[in-house]
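Trainee: Below you'll find the structure I mean.
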């Protein structure tokens, strides 16, 4: 006969106000196998836990039911207490009589709540009787990490992990690491030059012995589970042998063909063999195959001729590399929403209407104009520049509902950069709200207005058009309640930040969640901000949502610390709530294999003495199985059971109702 | 104790009761308000723009003359107090403007001059406890609203007679006199001030709102320290009773009128009859104000 | 209404002059509206204090000078007392009055004043009124 103890929690008044816990305890006393019951004010308090332990010993209990709040809250607490008292922790089961009972049955006579609590508790008792002790599963761990994305968040995560002694593989799809931050001129609110603070980190990442860089590469495939992933990386053909190239630059000096520079946001042309920017890491060029006359038509080959170390290889093919790793940090970053979506601003039609990132390039000393702010149309210094905020952001209809968070700050910065470079210039900013939450941010915006004379207009722009070489901006200033018109020379759009176009595809490959925009979902937005639902995969930077550099860096470090603490363990322990196959009964129909959303089911063959496979059956990979139970439902021969939720246990609970 | 006293124009004429009762009260409390031997108008408005130096000369001259007697000068009228105090602060802080003013007046300015309101003298030098001891006609049971208006308090940094947004100094004095102070929302709002000259309608609205706010909180009497407030509130009431039958008038009095009366002065000194609504009728109605000892 | 904003107007000489005589910088105002909330005359004004400052920010000083608000402000300093940016709308109003009065544009002629008022009102009302409304 089992020896079960039932502990009913009052949770102060949370449960007690609609459930007569004493009565519940009293009622359970006479059930067969129950040897002790009680009601207690706060079971989760230390005295409550102590009492639990004491009663286990005193009554020699072999199973415990705690009827209290949701198991999400304190299952771990009570199981730990049981373990300390010498009980297998999985012999402790929780009945949720708070969220699923007392809080939803406001009957002050306590009748409904009490009856329901009795039912629920009785069901748990019956389930517990058939419950088996379980042991946590322990798994080996590969102490290497993969970082996807070589922007500031990814670089920071890689550096922190490398510093912690972990081998890191950093995959970047562009020819150089650096991400969007490499494009920025100065950074708010301190106005330090973006490249000056970023490039040391890029170089550090290149030189660090623990970091293996794969640039111009993408993650093709991800298999496995926490501690034991296998990834396939596609290393795109660079047409340059990395091991031979010295980065001398002879090839791009001599290359006779040009194409629009992606890095310079179409403000400048680059050669067909190129590095994105002078401080590129690695300083090894790539050939832009679609634009290369040699690759397309077999004519030219100038680069190969001038290359001293003979590093050019027009025959190079994409390469696939397999790497074994234990954890993944995803830091794929953001891009800007296409401005063409907003016809009223004339982007794409009017040359002097540019995006914020383009303005960054204009203001950057290493940019296409060497830091001179000039109009793209005629190269003249603009005397009046209008900045339009919230282009696409906070626009549910044509754009996205969210606020892109950084635009208020960088627009203020733009007005300052502009004023510092064009002293007689006048900046206007159309805004809806100025969102400058952050250390020294509000002060920064006020400086732009009060010190550098930026004229802020609270309202939207209705139309931008060209007239006599000017860009006319029509809009409203709602503070004075008037429509306004400004004859500008240039217009800068603060366009919404959106996830990378490839974000959703990658999320599906990784098995992590994403929202309707394609931003990746945190496990918990507040309490587990860098984890995902897929254990072992972490997030950092703007792939989660719009954020600025300090936040991206913090998250990179946070993700790195998560990986380091994961790798600090000798073996990984995980919940034993996984499926098991009763192999002799399995008839190898493979319905489970199709049904499993985690690819946790494998085929296993039984061999005869000669080594020939005579029979197949399904096998669950305990490392991958998430215990969802889909295979249990799918199995025709009823040979799969879920530990902790075996059919026998569940049916016993139902029968007790 | 003699304290140099600047009465200002209005107290010399239409607000005579304010002046007389204060002088008499001072004597009862053991000091003398020594009127400056010569004085001019303060200008009745502080020149807000820093380039308006001419506006500083008149109050500066008052301060120069006062400083010859004592480094302290007191006044009763809120406006005079405001103008003198702000002028004193401006000239003490801005030596450049001080120099221009000195050259104009052809006299040296003494930046150590301190401007105190009469109520500050009572609170800080005499003490409300002492005032309470001198009360012979306790005005118990009368609900009085202390109307501060603007000039005693703003700008806070300079004026600082009491806590900026929630002053209580007047209430404390009234309590000492045996009245029951009434808290009301509009006690530091504007009466309409010199718009009396151009926009009676606006003054009637603003002052009327002040009175309604006070009476709405149970006030039977409104106490002020400013002749212009007093005038505007009375004007507003006169207008209100013509337009609204349900309007209940309340006496609008200077705090010194109550002070002197409570301390047993003869009724003539306070000139209650010069107020449009005589507070003595209220005292009679309430059965208070008879001399005890 | 629709206006054309011009760089020139934002930095006009008259605006600079107003800043000079008042010592106030309208650009410091971030339009929170605290002045308009507390101003006892807001309800009567064609442009409440914060909007008057807005006009100055936009370089529309001519409109600001023409506003009736200028003559309604009584310098009670509630605006300044509450301003989180230490801008004194009251002082700007006074500056605008000066601009008008120094051009000889009196708001009231002494002759037009009401006799009963002149006789009954406290002196300070007359002195103050003359200083605010008459050049």
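Protein chains in written order, with the numbering used here: chain F, 521 to 1177; chain W, 165 to 457; chain U, 1086 to 1220.
Heads up, the beta-carbon is just placed ideally off N, CA and C, and yes, glycines get one too.
1) Among 1133/F, 1104/F, 1141/F, which one has its Cα closest to the Cα of residue 1117/F?
2) Given 8 Å as the limit, is there contact between the stretch 231 to 241 of chain W and the stretch 184 to 203 of chain W, that is, 3 or more CB pairs closer than that?
3) The alpha helix (DSSP H) spanning residue 637/F covers which residue range?
4) Using 7 Å as the limit for Cβ to Cβ distance, is residue 1117/U near chain W?
5) Is it the case that the stretch 559 to 573 of chain F contacts the stretch 582 to 589 of chain F, given that we only count it when at least three CB pairs across the two stretches are under 8 Å?
6) Does the Cβ-Cβ distance between residue 1039/F and residue 1065/F come in under 7 Å?
7) Consider the Cβ of residue 999/F: report whether some Cβ of chain U lies at a distance smaller than 7 Å.
8) List the residues of chain F whose Cβ lies closer than 9 Å to the Cβ of residue 1086/U, in chain order.
9) Relative to the C-alpha of residue 665/F, which candidate in 849/F, 531/F, 776/F has its C-alpha closest?
10) Does DSSP classify residue 1190/U as helix, strand or coil?
11) Using a Cβ-Cβ cutoff of less than 6 Å, which residues in the same chain neighbour residue 584/F once the five nearest sequence positions on both sides are dropped?
12) With which residues is residue 1010/F paired in a DSSP beta bridge?
13) Run the CB neighbour count on residue 1164/U, radius 10 Å, all protein chains shown included, and call it buried at 16 or more, exposed below.
14) Check whether the stretch 934 to 942 of chain F touches the stretch 1043 to 1062 of chain F, counting contact only when three or more Cβ pairs, one atom from each stretch, lie closer than 8 Å.
15) Using the C-alpha atoms, what's the distance from residue 328/W back to residue 320/W?
16) Could you tell me the alpha carbon to alpha carbon distance between residue 762/F and residue 756/F, rounded to whole angstroms?
17) Please classify residue 1067/F: is it buried, with 16 or more other beta-carbons within 10 angstroms of its beta-carbon, or exposed?
18) Measure how close the beta-carbons of residue 990/F and residue 972/F come, nearest whole angstrom, since I'm counting them as under 8 Å.
19) From the DSSP output, in three-state form, read off residue 713/F for me.
20) With residue 1012/F and residue 868/F assumed to form a contact (beta carbons below 8 Å), what rounded beta-carbon distance in angstroms separates them?
21) Of all the CB atoms in chain W, is at least one closer than 7 Å to the CB of residue 1032/U?
22) State the DSSP-derived secondary structure class of residue 529/F, mapped to helix, strand or coil.
23) Counting contacts by CB-CB distance shorter than 7 Å, is residue 1089/U in contact with chain F?
24) Helix, strand or coil for residue 202/W per DSSP?
25) Would you give the residue range spanned by the beta strand (DSSP E) that residue 1161/F belongs to?
26) Are the stretch 617 to 634 of chain F and the stretch 1157 to 1164 of chain F in contact at 8 Å, needing three or more beta carbon pairs?
27) Output, in chain order, the set of chain F residues within a Cβ distance shorter than 8 Å of residue 1112/U.
28) For the candidate residues 1139/U, 1197/U, 1208/U, 1183/U, whose alpha-carbon lies nearest to that of residue 1001/F?
29) 7 Å is my cut-off, CB to CB: does residue 1006/F come that close to chain U?
30) Give the C-beta separation of residue 907/F and residue 931/F to the nearest angstrom, bearing in mind that I take them to be a contact with Cβ-Cβ under 8 Å.
31) Can you check DSSP and say which residues form a bridge with residue 742/F?
32) Is it the case that the Cβ atoms of residue 1014/F and residue 920/F are separated by a distance below 7 Å?
33) When you check each C-beta in the stretch 385 to 396 of chain W against every C-beta of chain U, which residues fall closer than 9 Å?
34) Can you name the residues of chain W whose CB is closer than 7 Å to the CB of residue 1207/U?
35) So residue 745/F packs on residue 1144/F, CB below 8 Å; how close in whole Å?
36) Among the candidates 793/F, 581/F, 638/F, whose CA atom is the shortest distance from the CA of residue 760/F?
Mentor: The short version:
1) Closest by alpha carbon: 1141/F.
2) Output reads yes: the stretch 184 to 203 of chain W touches the stretch 231 to 241 of chain W.
3) For residue 637/F, the uninterrupted alpha helix (DSSP H) run begins and ends at 631 to 649, by DSSP.
4) Contact with chain W is absent for residue 1117/U, since none of that chain's Cβ atoms lies less than 7 Å from the residue's Cβ.
5) The stretch 582 to 589 of chain F vs the stretch 559 to 573 of chain F: in contact.
6) Result yes, Cβ atoms of residue 1039/F and residue 1065/F sit closer than 7 Å.
7) At least one chain U Cβ lies under 7 Å of residue 999/F.
8) 1000, 1001, 1002, 1003, listed in chain order.
9) The shortest Cα separation from residue 665/F among 849/F, 531/F, 776/F belongs to 849/F.
10) Of the three classes helix, strand and coil, the one that applies to residue 1190/U here is coil, per DSSP.
11) Around residue 584/F: 525, 602, 612.
12) Under DSSP, residue 1010/F takes part in a beta bridge, and its partners are 905/F.
13) In the assembly as shown, residue 1164/U is a buried residue. Its beta-carbon has 16 or more other beta-carbons within 10 Å.
14) They do not touch, by the three-pair rule.
15) The straight-line gap from Cα to Cα measures roughly 6 Å.
16) Cα atoms of residue 762/F and residue 756/F: separation of roughly 12 Å, rounded to the nearest angstrom.
17) When all chains shown are included, residue 1067/F counts as buried.
18) About 23 Å separates the two Cβ atoms, so there is no contact after all.
19) Here residue 713/F sits in strand by DSSP.
20) Actually they do not touch by this definition, with Cβ atoms about 14 Å apart.
21) The requested residue 1032/U is not part of the displayed model; chain U covers only 1086 to 1220.
22) DSSP places residue 529/F in strand when its eight states are reduced to three.
23) It does; some Cβ of chain F falls within 7 Å.
24) In the structure shown, residue 202/W falls within a coil segment according to DSSP collapsed to helix, strand and coil.
25) Element bounds for residue 1161/F: 1160 to 1162.
26) The stretch 617 to 634 of chain F, when compared against the stretch 1157 to 1164 of chain F, does not touch it at the 8 Å Cβ threshold.
27) Neighbours of residue 1112/U across chain F, judged by C-beta separation under 8 Å: 969, 970, 973.
28) Per the Cα distances, 1139/U.
29) Closer than 7 Å: yes.
30) That pair is a contact at about 5 Å.
31) Answer is 751/F.
32) The criterion of a C-beta distance shorter than 7 Å is not satisfied by residue 1014/F and residue 920/F.
33) For the stretch 385 to 396 of chain W, which is checked against every Cβ of chain U, the residues closer than 9 Å are 390, 391, 392, 394, 395, 396.
34) Below the 7 Å Cβ cutoff, chain W contributes 174, 178, 179, 391, 392, 395 as neighbours of residue 1207/U, in chain order.
35) Residue 745/F to residue 1144/F, Cβ: 4 Å. Contact.
36) Selected option, being the one with the closest Cα: 793/F.
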